[in-house]
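Asker: This note's numbering numbers the first residue of the sequence shown as 912 and each following residue consecutively. Even glycine gets a Cβ: it sits at the ideal position worked out from N, Cα and C. All of these numbers come straight from a predicted model, not from anything done at the bench.
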Amino acid sequence: MEQIYLPKLSKLNKFIIIVASVLFVLNTVSSQFLQFSLTNIFGLSLIGIGNWKFFQFSTYPLIGQGVFEVVLNSLMLWLMGSEFELNWGIRRYSWFLLFVVLVQLI
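(1) Since Thr950 contacts Ile974 with CB under 8 Å, what's their CB separation in whole angstroms?
(2) May I ask you to report which of helix, strand or coil DSSP gives Leu990?
(3) What is the rounded straight-line gap between the Cα of Ser921 and the Cα of Gly959?
(4) Quick one: grab the DSSP three-state call for Ile915.
(5) Output the boundary residues of the alpha helix (DSSP H) element that contains Leu973.
(6) Could you please give the first and the last residue of the uninterrupted alpha helix (DSSP H) stretch that includes Leu1008?
(7) Closest to Val930 by C-alpha separation, out of Glu996, Tyr971, Gln943, would be which residue?
Here is the structure:
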């Protein structure tokens, strides 16, 4: 019987997964109880960019709208991202993540 290889979760990916999970929980709680969505602040929008909220370029990938989106993104970061970071190093992997985020804007 062959075992499945699971890479060790790297520090950068662990940080990204924790931030994304916390933001998802906060967004869900604030939407349900406070009728205020964190997506309005951290999600990417033309109004936000027009109001000089350039941090939205880096925060919009972290705002998940659903449980499956957050879980699948986290699994992809763990299974693929940890392997990339192991092979490339943290600096090159960070540039890769930045490139992927910027390409999504096109």
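Answerer: Short version:
(1) Taking the sequence shown and counting its residues from 1, the one referred to as residue 950 is at position 39. Taking the sequence shown and counting its residues from 1, the one referred to as residue 974 is at position 63. Yes, Thr950 and Ile974 are in contact; Cβ-Cβ is about 5 Å, under 8 Å.
(2) By 1-based counting over the sequence shown, the position of residue 990 is 79. Leu990 falls in the helix class under three-state DSSP.
(3) Here the question's residue 921 lines up with position 10 in the sequence shown. Here the question's residue 959 lines up with position 48 in the sequence shown. Straight-line spacing of the CA atoms in Ser921 and Gly959 works out to 32 Å.
(4) Numbered from its first residue, the sequence shown carries residue 915 at position 4. Three-state DSSP puts Ile915 in coil, outside helix and strand.
(5) For this step, residue 973 is matched to residue 62 along the sequence shown. Neither: Leu973 is in no alpha helix (DSSP H) and is coded neither H nor E.
(6) For the purposes of this step, residue 1008 is identified with residue 97 of the sequence shown, where counting begins at 1. First-last of the alpha helix (DSSP H) with Leu1008: 1001-1015.
(7) The residue labelled residue 930 in the question sits at position 19 within the sequence shown. Of Glu996, Tyr971, Gln943, the residue nearest in Cα terms is Tyr971.
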